[in-house]
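Engineer:
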Amino acid sequence: MKKIYLDHNATTPVHPEVLDAMMPFYKDIFGNASSIHGFGREARRAVEGARETVAAFIGSDPDEIIFTSGGTESDNTAIRGVMESAPRGNHIITSVIEHHAVLKTCGYLEKKGCKVTYLPVDEFGIISVDELKKAITDETVLITIMHANNETGAVQPVEDIGNVAREHGILFHSDAVQSFTKLPVNVDKMNADMLSFSGHKIYAPKGAGALYIRKGTKMSPLLIGGHHEKNRRAGTENVAGIAGFAKAVEIARRDGVETNKRIAELRDRLWTGLKDKIKDIKLNGHPEKRTPNTLNVSFKFVEGESIILNLDMEGVAVSSGSACTSGSLSASHVLLAMGLDHATAQGSIRFSLGKDNTAGDIDFVIGIFPGIINKLRAMSPLYVQHNGDDDEN
Ligand SMILES: *Cc1c(COP(=O)(O)O)cnc(C)c1O
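For any residue, its number in our numbering is found by taking its place in the sequence shown, counting from 1, and adding 5.
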């Protein structure tokens, strides 16, 4: 059976060129980048070369990039690092639709005595800059609001957020894991002080990522030990992972515009196909202000989990809610925050496309979908009742 993977916001396969770029660091160039002999110096060259590649791509200095184990560590380092070393103030502003790596870190800091404001979102999943301004107090130290949402792809007004933060002398961190390589990310345009990135969302390996930290930003390290990464992240560098991460960035710089355009066309083909064939469905997230690869759809009167299992039997991989919460039947906090009722939120599917998807894949999915939805709706008491209502009107 042909397998069709439409869950790239959960993780991506490692690009073959990325794997090739990594292999030497598992074989001949295995040195510790802190060693002063030739083995070490070669590893060090690779790490510093990777830093330059990543920095150039986002318009920063190489000194402002540290390598981490991924998005979660970058988010934790940014938020906890800043709050722990803030000379005054204890207030954080974030949003209700953040990834759990941000939300739960803020929750942890609340227990330690910080105050946190969770900004609401509109029906498209986007925060209001006016509400942000109103939330600012004399105690506000940090604004952490993601660039693009992992579930809906909705893009936040990060440039405006960055401007507001700058005007008030507040630090601005953004989780850019989902926007990185899909939307332009530039540290100065965004007025960002910190940005989180993850390798495995951009065809690099799991367990590799980066954090941009603007020069002069005061923050304590999360990991304490050696002098690695300018004392901001102790631990022997994951040289192969770092080389792979940089290679994925190089590929994005080379092919990104074309790849993203092609993926957006497939994404729109999928939405048009589903919308034309299935009644009572709804697009979640902003129709335009969205990452090019993400389509989140509610199928009324059915459960997302059942759709996933039926698609899985046909070799098609999608997700509902976020990967971290699947397995539990709780509805997505992101969709609920956008005003969806529980049942509709639970009947939602996230399609996230990637570079290897073809028009044939999309047409196959469009072909099998109506049958699956009709079958599930026929078994749904909600749907039977809904149709009954229709007949009476
Ligand atoms: C995947 C993801 C993360 C976590 O990144 P890891 O590298 O898996 O730790 C954080 N934020 C967002 C928006 C994500 O999509």
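Glycine is no exception: its CB is placed at the ideal position from the N, C-alpha and C atoms.
1. Please work out which residues of its chain come closer than 6 angstroms, Cβ to Cβ, to Tyr10, disregarding the five sequence neighbours upstream and downstream, and give them in chain order.
2. Taking only runs of the alpha helix (DSSP H) that begin and end inside the stretch 140-175, which ones reach a length of at least 4 residues, in chain order?
3. Which residues neighbour ligand 1 when neighbourhood means a C-beta less than 5 angstroms away from any of its non-hydrogen atoms? List them by chain order.
4. Taking the CB atoms as reference points, tell me whether Thr82 and Leu279 lie closer together than 8 angstroms.
5. Could you check which residue in Phe30, Thr145, Lys235 and Met199 has the C-alpha nearest to that of Pro92?
6. Measure how close the beta-carbons of Ser385 and Val307 come, nearest whole angstrom, since I'm counting them as under 8 angstroms.
7. Taking the alpha-carbon positions, what's the Ile256 to Lys223 distance?
8. Can you tell me whether Leu340 is buried or exposed? The criterion is at least 16 other CB atoms within 10 Å of its CB, across all chains shown.
9. Would you identify the three-state DSSP class for Phe72, choosing helix, strand or coil?
10. Could you name the residues of the same chain whose beta carbon sits closer than 7 angstroms to that of Lys194, not counting the 5 residues immediately before and after it, in chain order?
11. By alpha-carbon positions, which one of Glu156, Asn298 and Val244 ends up nearest to Asn265?
12. Taking the alpha-carbon positions, what's the Gln390 to Phe202 distance?
13. Under 8 angstroms Cβ to Cβ from Val107, same chain only, skipping five residues before and after it: list those, please.
14. Taking the beta carbon of Asn243 as the centre, do at least 16 other beta carbons fall within 10 Å, making it buried, or is it exposed?
15. Val321 bridges to which residues according to DSSP?
16. Taking DSSP as the reference, what is the three-state secondary structure of His178?
17. In three-state DSSP terms, what is His291?
18. Just to confirm the assignment: which complete beta strand (DSSP E) runs, minimum length 3, are found wholly within the stretch 197-266?
19. Where do the ends of the beta strand (DSSP E) carrying Arg49 lie?
20. Which one of Glu234, Leu345 and Ala153 has the shortest CA to CA distance from Pro226?
21. Taking the alpha carbon of Ile373 as the reference point, which residue from Asp317, Gly214, Met343 and Ala342 has its own alpha carbon closest?
22. Assuming the contact rule is C-beta atoms closer than 8 angstroms, Ile166 and Leu200 should be a hit. Round their C-beta distance to whole Å, please.
23. Once the 5 residues before and after Tyr123 are set aside, which same chain residues still bring their CB inside 7 angstroms of it?
24. Nearest to Ser353 by alpha carbon, out of Gly118, Ile378 and Ala364?
25. On the three-state DSSP scale, how would you describe Arg355?
26. Using three-state DSSP, classify His104 as helix, strand or coil.
Structural biologist: Taking the coordinates as given:
1. Ala322, listed in sequence order.
2. As far as the stretch 140-175 is concerned, its whole alpha helix (DSSP H) runs of at least 4 residues are 163-173.
3. Gly75, Gly76, Thr77, His104, Ala106, Asn155, Asp180, Val182, Gln183 and Ser203
4. At a Cβ-Cβ threshold of 8 angstroms, Thr82 and Leu279 do not count as neighbours.
5. Thr145
6. Val307 and Ser385 do touch by the CB rule: their CB atoms are close to 6 angstroms apart, below 8 angstroms.
7. 33 angstroms
8. With 16 or more Cβ atoms within 10 Å of its Cβ, Leu340 is classed as buried.
9. strand
10. Excluding positions up to five away in sequence, the list reads Glu164.
11. With distances taken between Cα atoms, Asn265 lies closest to Asn298.
12. 46 angstroms
13. Correct list, in chain order: Asp80, Ile84, Thr99, Thr149, Met151 and Asp180.
14. buried
15. The partner list for Val321 (beta bridge, DSSP) reads Ile9.
16. strand
17. coil
18. 199-203 and 214-218
19. Here Arg49 belongs to no beta strand (DSSP E); instead the alpha helix (DSSP H) covers Gly43 to Ile63.
20. Glu234
21. Asp317
22. With a Cβ gap of about 12 angstroms, Ile166 and Leu200 do not count as contacting.
23. Thr99, Ser100 and Val101
24. Ile378
25. Residue state, collapsed to three classes: strand.
26. coil
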